[in-house]
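> Numbering of the sequence shown is given in our numbering, commencing with residue 1281 and proceeding in unit increments.
C-beta: ideal position from N, C-alpha, C; glycine also.
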Amino acid sequence: MNRSKAGITYTFFKSFKIIKQFKMLPKFTKFYYFIRMKLFRFFINMNLIISIFGRNFAVK
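(1) Out of curiosity, what's the CA-to-CA distance linking K1294 and F1333?
(2) Where F1314 and T1289 are concerned, what is the direct C-alpha to C-alpha distance, given to the nearest angstrom?
(3) Expressed to the nearest angstrom, what Euclidean distance is found between the alpha-carbon atoms of F1311 and F1320?
(4) Should N1325 go down as buried or exposed, given a rule of 16 or more other Cβ atoms within 10 Å for buried?
(5) When you compare only the Cα positions, how much space is there between N1327 and K1297?
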């Protein structure tokens, strides 16, 4: 449980960092929410794949 939670928080932290970079660009405000949803879903899917197939590679 702790390892999976740590992985989820780490992936969300990374995604929020990327979102902050997108926030700096004022031209892409309309695309911001679309990109955020895509990133959010992508990171959730990646975390699920890691949790299922990559349990041997534990996140420190």
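Put simply:
(1) 21 angstroms
(2) 21 angstroms
(3) 14 angstroms
(4) exposed
(5) 17 angstroms
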